[in-house]
Structure formats: structure tokens, C-alpha cells
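Take a look at the structure below.
Numbering (our numbering), first residue to last: 1 to 354.
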């Protein structure tokens, strides 16, 4: 291989691209030895080159779990003011604002695992955790004055409730009080502070508008099935996914979302009941079909268990089941249970508890 010469900038065109001085080809490449070699004629245009160009690399979500030895630092996290990189510049003019931003970042790093733990225990999608911690950040950033006297635990718990509802998986106060170890008064104070702050947050962070509107829609029993089935341990296998799908279809049959179906529908006794009551009654009903009654590892679903995590009284759930019972053949999907199986459902308890 012939060597044509060396020296800084040899063989570079006016635009900065490497051009072979021998054949005028633009196929000049830098090899592993630091030589610029023409791929067309093989002439070494420059030797001993050190690439001094700045190298930047953006990391994505999939890069978080990596053992790449050449990688330095973590992926940029836009939740934090500093992008999660922890870089601080001294001598800034607005030191007060910078100090507050660092304080919020420090708080977020401490509370983020707590939010994730709550969402994991509630068996909710990861989007709920992301929205909850982002909402907490925006409330602390823009509406700090509204948080006077509000405990951190109450703020975090309130944001989880709010985010869960925004994503169509409402969480009851009773469950959240149990997880966060809060009394009703403190949790209510946190939720009220979030409600008051949302007007200002919406003005400064318009991206919340669409999800905020969703929180003011009346929840539907079908929207609760993901959470309730998850809390009952009915999410780990394909069979339980089918069970949850059947619960959703039954809820939609009991209370249609389609306006055209609602107009021609006769009012039913369960229409005025709370969505949580109807949802738990449907879960009880479907879980007591012959092939499902002993399928759950934790045993048969009881009214007491449903009452515990839904916050509804056992007698209220029993009454909702009694209202639904005469219509089970019309409500339960045909693909999920045969007529003979539906006929074996236990009748509603007249008195007492089961």
C-alpha cells in the first residue's frame, strides 16, 4: 500500500470532508491504526491521526439495564431539573431558584421509590407511577404555598390516587390509607391541596389538560376491574386475563357506555349504586362460577374480602349481587360460561354474611 503523505488537514476539502489527493475519491476512511486510507485506490492520505471530535451519545429507556463498559453515567431523566445528571454550575445569578430546583430533585429521588412501591402493591400499570411522581413534582414546583401543613406522605398518596384515576384505574381512599399508614384527615388534606393546585398547574403545564378532564368523569365499574382483579391475585396467568376480560364485558353489559344503548335501556336497581359496589358484585358473581370458584390460590372470594379493599360494606355488595342475580344469563358473556354453569351460581344471601 502506498503512502502519500501526512500532516494535519491533509486531504481535506473546503467543506471538511476527506478527499483522496490521488484519485479525488471521497471514500477516505479512518482505520483502527489512525490512518486515513482511500477505499478506492488504497493510498494512505494521512497517518497517526487522533480524532479530537467531541462525541455525544443519547441513552434511551432500553439503555438503563446495560453492562456496557464504555458507557459513563445514566440515561437522561427529564423528571429532574438537572436531567438526573447531578451537574451543578457555581456562580449563577438566580441562586434561590436553583436551590429550590435542587431541593425538589432531592425530594423526588427520595419519594420516587415510594410511589413505585405503592403502584406495585396496587398491581397498577407503570404509567400510574410516572404520572404520580410527575404530578408531585409540578405541584411542588408551581404551587408550594398550597402545601403548607401537608405531610409528604399525604402528598405522595394523594398524587397516586389522582394519577390512578387519570389512567382509568381508580384507587379507593381506604386502600391508600392502609398502604401509606395515614389517617383520613391527613390524606384528605393532601388530596385537597392537589385539587386546589391543579388550576395553576394546568396553566403552567398544559400537557395535564387531557388527563385532568378524565378525572372529572364518573368512573365506570369496568374501569375498576384491572385494579380489583390485581388485588385479588387474578392477573398472573392467561386464565385470569380471560376472567378480567369477562368482568369488563359483564360490567359494560350491566351499565352500557354506548349512548345509543342507554337510551333504549330500562333502568335497573344497580344503576344508582357506586361503581365500586357494582364492580365487586360482578367479581363475586363470576368467581363463583363452577370452574372458577376454587381456581384462585388464596381460596374462594368472599364478601368480606371484597369489602376490605373496595371500602364498600359487605351488606351493600350483597345487595348489589342480589340486584344482578336475576339477570345473570343476559349479563355474563356466552363465551365465558355455559347456561348450565350460570345456573349453578349461588343465590344471594338473604341475611347474614358469607
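From the three backbone atoms N, C-alpha and C, an ideal C-beta is built for every residue, glycine too.
For this session: Could you give the DSSP three-state label for residue 179: helix, strand or coil?
Result: Here DSSP, grouped into helix, strand and coil, assigns residue 179 to helix.
Problem set entry | Option in 131, 346, 293 and 154 with minimal Cα separation from residue 168 | Comparing Cα positions, the closest option is 131.
Exercise. Taking the Cβ atom as the reference point for each residue, do residue 189 and residue 150 lie within a distance shorter than 8 Å?
Worked result: Taking 8 Å as the cut-off, the Cβ atoms of residue 189 and residue 150 count as close.
Exercise. Within the chosen definition, does the region 244 to 260 reach the region 134 to 142 through at least 3 CB pairs nearer than 8 Å?
Worked result: Result no; under three Cβ-Cβ pairs closer than 8 Å.
Problem set entry | Contact belief for residue 221 with residue 251 at Cβ below 8 Å, rounded distance in angstroms | Indeed, because the Cβ distance is near 4 Å, the residues count as touching under 8 Å.
For this session: Pair every Cβ in the region 273 to 288 with every Cβ in the region 192 to 207, then say whether three or more of these pairs are closer than 8 Å.
Result: A contact is defined here as three or more CB-CB pairs under 8 Å, and the region 273 to 288 fails this definition with respect to the region 192 to 207.
For this session: Taking only the alpha-carbon atoms, compute the straight-line gap between residue 229 and residue 143 and give it to the nearest angstrom.
Result: Straight-line Cα distance between these residues: approximately 36 Å.
Exercise. Quick one: what does DSSP say residue 38 is sitting in, helix, strand or coil?
Worked result: DSSP places residue 38 in strand when its eight states are reduced to three.
Problem set entry | Reduced DSSP secondary structure (H/G/I, E/B, other) of residue 234 | Shown here, residue 234 sits in coil according to DSSP, grouped into three states, outside any helix or strand.
Problem set entry | Contacts around residue 297, its chain only, beta-carbon distance under 7 Å, and the 5 residues preceding and following it disregarded | Counting only residues of its own chain and dropping the five nearest sequence neighbours on each side, residue 297 has a CB closer than 7 Å to the CB of 233.
Exercise. Given residue 346, which residues of its chain have a CB within under 6 Å of its CB, disregarding the five upstream and five downstream residues?
Worked result: Closer than 6 Å at Cβ, skipping near neighbours: 288.
For this session: With a threshold of 16 other CB atoms inside 10 Å of the CB of residue 29, please say whether the residue is buried or exposed.
Result: When all chains shown are included, residue 29 counts as exposed.
For this session: With a threshold of 16 other CB atoms inside 10 Å of the CB of residue 170, please say whether the residue is buried or exposed.
Result: Around the beta carbon of residue 170, a 10 Å sphere encloses 16 or more other beta carbons of the protein chains shown; the residue is thus reported as buried.
Exercise. For the region 130 to 167, which segments carrying the alpha helix (DSSP H) assignment without a break, of at least 4 residues, lie completely within its bounds, in sequence order?
Worked result: Taking only runs of at least 4 residues, the alpha helix (DSSP H) segments lying wholly in the region 130 to 167 are 152 to 166.
Exercise. Residue 111 bridges to which residues according to DSSP?
Worked result: The partner list for residue 111 (beta bridge, DSSP) is empty, contrary to what the question assumes.
For this session: Tell whether a beta-carbon distance below 8 Å holds between residue 243 and residue 286.
Result: Inclusion of residue 243 and residue 286 in the CB contact set at 8 Å is warranted, their separation being smaller than that value.
Exercise. So what's residue 205 in DSSP terms, helix, strand or just coil?
Worked result: Residue 205: coil per DSSP, three-state reduction.
Exercise. Count the other CB atoms within 10 Å of the CB of residue 239; is the residue buried (16 or more) or exposed (fewer)?
Worked result: Counting the other CB atoms within 10 Å of its CB gives residue 239 a total below 16, which places it among the exposed residues.
Problem set entry | DSSP-derived helix/strand/coil call for residue 91 | With a pLDDT of only 48 at residue 91, under the threshold of 50, the placement of this residue in the model should not be trusted; the figure read from the coordinates follows. Residue 91 sits in coil when the DSSP states are folded into three classes, being neither helix nor strand.
For this session: Output the distance between the C-alpha atoms of residue 156 and residue 344, rounded to the nearest integer angstrom.
Result: Those two C-alpha atoms are separated by around 45 Å.
For this session: Using a threshold of 8 Å, state whether the C-beta atoms of residue 115 and residue 104 are closer than that.
Result: In this structure, residue 115 sits away from residue 104, with a CB-CB distance that is not shorter than 8 Å.
Exercise. Looking only at DSSP bridge pairs, what is residue 29 linked to?
Worked result: By DSSP's assignment, residue 29 forms a beta bridge with 37.
Exercise. Is residue 27 near residue 40, with beta carbons less than 8 Å apart?
Worked result: Going by C-beta atoms, residue 27 is nearer than 8 Å to residue 40.
Problem set entry | Beta-carbon proximity of residue 146 to residue 193, cut-off 8 Å | Yes; because the gap between Cβ atoms is below 8 Å, this pair is in contact.
Problem set entry | residue 44 - DSSP class collapsed to helix/strand/coil | Residue state, collapsed to three classes: strand.
Exercise. Between which two residues does the alpha helix (DSSP H) containing residue 276 stretch?
Worked result: It spans 275 to 287 - the alpha helix (DSSP H) in which residue 276 sits, taken as one unbroken run.
Problem set entry | Distance CB(residue 173)-CB(residue 299) smaller than 8 Å | Contact: no.
For this session: Taking 8 Å as the cut-off, decide whether the C-beta atoms of residue 290 and residue 341 are in contact.
Result: Their beta carbons are under 8 Å apart, which means residue 290 touches residue 341 by this criterion.
For this session: Indicate whether residue 322 and residue 273 have their beta-carbon atoms separated by less than 8 Å.
Result: Result no, Cβ atoms of residue 322 and residue 273 do not sit closer than 8 Å.
For this session: Determine the contact status of residue 35 and residue 47, defining contact as a CB-CB distance below 8 Å.
Result: Going by C-beta atoms, residue 35 is nearer than 8 Å to residue 47.
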